[in-house]
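Residue numbers (the working numbering): 3 to 453.
See below:
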């Protein structure tokens, strides 16, 4: 059976998406999400935005624009998990658990922190002037983003490779301290796409909001044409051969054209195509490619409630993974319920309990639940939410009463039913053999003790 690769990508919500964001991150991520072997998690990194921006209106607008951009660009939310970072309360809690094992010396070496310190020293200021704990702890929050969903691959630019490596270091430390032989966290790998373009801006430097040299992705056709007209070119007149390899305009054209279109455009530049006409060709190319997506984008912008509904559904999908996993991590570090595990009365039952055991706990919303854990601590079953501990206990007692167990298999998982209602569900297992082994463990755990 082919193992699906989990891919995770986030975009910080501090500005309006531009052509560079689209070509360098959004477009390749959307294409990758269509791979049947990919399990894709894409999120709006709005907690990260608070590190860089203290303008609430800008952050709010950026969240709206970036969400609309992903969807207008063709992201299929039925195939992926698409969510806002701030809608997942498990993320900041995991950040704290990881902060407690992250070495200060490791964080001292973070590029962004060191660059800020160096800048202060050069200016003759205190080394930590203006540096917040948000900036300093940024790598831990990014580690939580990645490790919460145990991503295998994290597409990043070269300036972010260090953060993925730090996530590995922090995850390994947690596994070592609390795993007791279990690897809670998968070790992520940075995915560098050499073929993905880093686009130049209007002045030839990397297209970036900080340089104010961007071409907004879904601005009006007129605004896009005006921006393209400001692209810096050399002074060669129409009729003079141009140098495509050193032309920012040609690099932009190449990022959105087919190989045949690119070759034809290159040939025309070498033959003396004027810069004015070349800019018009670039505009036509972009307008043709982005016109329909632009219309979809503005429809989403005008219907923010639709975006909200989509993101809430995405958050529900993400939390279905995050909530039980965080509960497992809480137990691993000792943040456990005082309710003891199910007691057994015979040696036979004790041996069964070692193989699998029930654990009761109280969820964040105040409801009560129970789970079945294997001897290795893997979650085999998670109950529904119950309004009070008494009800949860009655369900557990009824399951252990010895009555025939109603277990219903579904693909690679199963559910447990009582009186015609589903009361607990398993996670998806790697294969049917693992699922069947979990069902056997459940049956053994529920076998009444023999006198």
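Don't be surprised by glycine CBs; every beta carbon is placed ideally from N, CA and C.
Less than 6 Å between C-beta atoms, sequence neighbours within five positions excluded: which residues of the same chain meet that for residue 104?
The residue given as residue 104 occupies position 102 in the chain shown. Result list for residue 104: 142 and 172, in chain order.
Could you tell me whether the Cβ atoms of residue 166 and residue 206 are closer together than 9 Å?
Working through the chain shown from its first residue, we reach residue 166 at position 164. Working through the chain shown from its first residue, we reach residue 206 at position 204. Result no, Cβ atoms of residue 166 and residue 206 do not sit closer than 9 Å.
With a threshold of 6 Å on Cβ separation, who are the neighbours of residue 71 within its own chain once the five nearest residues in sequence on each side are excluded?
Against the chain shown, residue 71 aligns to sequence position 69. Result list for residue 71: 19, in chain order.
For residue 40 and residue 274, what's the separation of their Cα atoms in angstroms?
As a working note, residue 40 is residue 38 in the chain shown. As a working note, residue 274 is residue 272 in the chain shown. When rounded, the distance between both Cα atoms is 45 Å.
Using three-state DSSP, classify residue 422 as helix, strand or coil.
Stepping through the chain shown from its first residue, residue 422 is reached at position 420. The answer is coil: DSSP assigns residue 422 none of H, G, I, E or B.
For residue 378, which residues in the same chain have their Cβ closer than 6 Å to its Cβ, ignoring the five residues on either side in sequence?
Indexing the chain shown from 1 puts residue 378 at position 376. Only 184 meet the Cβ criterion.
Can you check whether the CB of residue 325 is closer than 9 Å to the CB of residue 124?
Mapped onto the chain shown, residue 124 falls at position 122. Mapped onto the chain shown, residue 325 falls at position 323. In this structure, residue 325 does not lie closer than 9 Å to residue 124 by Cβ.
For residue 257, does the count of other Cβ atoms within 10 angstroms reach 16, so buried, or fall short, so exposed?
The sequence position of residue 257 within the chain shown is 255, counting from 1. The residue in question, residue 257, is buried, as its Cβ has 16 or more Cβ neighbours within 10 Å.
Taking one C-beta from the region 132-139 and one from the region 304-313 each time, how about it: are there three or more such pairs within less than 8 Å?
Cβ pair count under 8 Å is below three, so no.
Could you give the distance in angstroms between the alpha-carbon of residue 353 and the alpha-carbon of residue 448?
On the chain shown, residue 353 is found 351 positions in, with the first residue counted as 1. On the chain shown, residue 448 is found 446 positions in, with the first residue counted as 1. Any answer about residue 353 is weak, because its pLDDT of 43 lies below 50 and its placement is not dependable; what the coordinates show is given next. Using only the alpha carbons, I get a separation of about 12 Å.
Taking the Cβ atom as the reference point for each residue, do residue 320 and residue 89 lie within a distance shorter than 9 Å?
For the purposes of this step, residue 320 is taken as residue 318 along the chain shown, with counting starting at 1. For the purposes of this step, residue 89 is taken as residue 87 along the chain shown, with counting starting at 1. It is a contact, given that the beta carbons lie within the stated cut-off.
Can you find the residues in the same chain that come closer than 6 Å, C-beta to C-beta, to residue 8, ignoring five residues on each side of it along the sequence?
Taking the first residue of the chain shown as position 1, residue 8 is located at position 6. Taken in chain order, the residues that qualify are 41, 153 and 154.
Which runs of the beta strand (DSSP E) at least 3 residues long sit entirely within the region 127-188? Give them in chain order.
Those beta strand (DSSP E) runs which fall completely within the region 127-188 and span 3+ residues are 155-157.
When you compare the CB positions of residue 431 and residue 414, do they come within less than 9 Å of one another, or not?
For the purposes of this step, residue 431 is taken as the residue at position 429 of the chain shown. For the purposes of this step, residue 414 is taken as the residue at position 412 of the chain shown. Yes.
Which runs of the alpha helix (DSSP H), 4 residues or longer, sit entirely within the region 80-123?
Complete alpha helix (DSSP H) runs here, min 4: 92-101 and 106-110.
Grouping DSSP H, G and I as helix and E and B as strand, with all else coil, what is residue 416?
Residue 416 sits at position 414 when you count from the first residue of the chain shown. The answer is strand: DSSP assigns residue 416 an E or B state.
Nearest by alpha-carbon distance to residue 290: which of 317, 255 and 334 is it?
Here the question's residue 290 lines up with position 288 in the chain shown. When each option's Cα is compared against that of residue 290, the closest is 255.
Check whether the region 230-246 touches the region 174-183, counting contact only when three or more Cβ pairs, one atom from each stretch, lie closer than 8 Å.
No, the region 230-246 is not in contact with the region 174-183.
In or out: residue 200 buried (at least 16 other Cβ within 10 Å) or exposed?
Residue 200 sits at position 198 when you count from the first residue of the chain shown. Exposed: under 16 other Cβ atoms inside 10 Å.
DSSP three-state call for residue 408: helix, strand or coil?
Position 406 of the chain shown, counted from the start, is the residue given in the question as residue 408. In the structure shown, residue 408 sits in a strand (DSSP, three-state: E or B).
Throw me the rounded Cβ distance for the residue 281 and residue 217 pair, which I believe falls under 8 Å.
One-based indexing of the chain shown puts residue 281 at position 279. One-based indexing of the chain shown puts residue 217 at position 215. The pair is not a contact, with the Cβ atoms about 11 Å apart (cut-off 8 Å).
Alpha carbon to alpha carbon, how far is residue 368 from residue 420?
As a position in the chain shown, residue 368 is number 366, starting the count at 1. As a position in the chain shown, residue 420 is number 418, starting the count at 1. Answer to the nearest angstrom: the Cα atoms are 23 Å apart.
Does DSSP put residue 260 in a helix, in a strand, or in coil?
Translated into positions along the chain shown, residue 260 becomes position 258. In the structure shown, residue 260 sits in coil (DSSP, three-state: anything other than H, G, I, E or B).
Select from 97, 117 and 119 the residue whose C-alpha is nearest the C-alpha of residue 169.
Here residue 169 is taken as the residue at index 167 of the chain shown, counted from 1. Minimum Cα distance to residue 169 is reached at 97.
Measure the alpha-carbon distance for residue 384 versus residue 261 and round it to whole angstroms.
Within the chain shown, residue 384 is the residue found at index 382, counting from 1. Within the chain shown, residue 261 is the residue found at index 259, counting from 1. Approximately 52 Å, taken between the alpha carbons.
Name the two residues that bound the continuous alpha helix (DSSP H) containing residue 309.
The residue labelled residue 309 in the question sits at position 307 within the chain shown. Its alpha helix (DSSP H) spans residues 306-335.
Can you give me the start and stop residues for the alpha helix (DSSP H) that residue 210 sits inside?
In the chain shown, counting from the first residue as 1, residue 210 sits at position 208. Note, residue 210: premise wrong, no alpha helix (DSSP H); not H, not E.
Please say whether residue 100 and residue 146 have beta carbons closer to each other than 9 Å?
Indexing the chain shown from 1 puts residue 146 at position 144. Indexing the chain shown from 1 puts residue 100 at position 98. Their beta carbons are under 9 Å apart, which means residue 146 touches residue 100 by this criterion.
Using a Cβ-Cβ cutoff of less than 7 Å, which residues in the same chain neighbour residue 381 once the five nearest sequence positions on both sides are dropped?
Start at 1 with the first residue of the chain shown, and residue 381 comes out as number 379. Excluding sequence neighbours, residue 381 sits near 326, 330, 373, 375 and 429.
List the endpoints of the continuous beta strand (DSSP E) containing residue 41.
In the chain shown, residue 41 corresponds to position 39, counting from 1. Run containing residue 41: 40-47, per the beta strand (DSSP E) assignment.
When you compare only the Cα positions, how much space is there between residue 301 and residue 50?
For this step, residue 301 is matched to residue 299 along the chain shown. For this step, residue 50 is matched to residue 48 along the chain shown. Cα to Cα, residue 301 sits roughly 27 Å from residue 50.
Looking at chain C, is there any beta carbon in it that lies within less than 9 Å of the beta carbon of residue 202?
Absence of chain C from the displayed structure is noted, only one protein chain being present.
Classify residue 425: buried if its beta carbon has 16 or more other beta carbons within 10 angstroms, exposed otherwise.
One-based indexing of the chain shown puts residue 425 at position 423. Burial call: buried.
What did DSSP end up calling residue 234 once you bin it into helix, strand or coil?
For this step, residue 234 is matched to residue 232 along the chain shown. In this structure, residue 234 counts as coil in the three-state DSSP scheme.
How would you label residue 349, buried or exposed, when you count the other beta carbons within 10 angstroms and need 16 or more for buried?
Here residue 349 refers to the residue found at position 347 of the chain shown. Here residue 349 scores only 43 on pLDDT, less than 50, and its place in the model should not be relied on; the value that follows carries that caveat. That one is exposed.
Buried or exposed for residue 24, please, with buried defined as at least 16 other CB atoms from any protein chain shown within 10 angstroms of its CB.
Taking the chain shown and counting its residues from 1, one reaches residue 24 at position 22. When all chains shown are included, residue 24 counts as buried.
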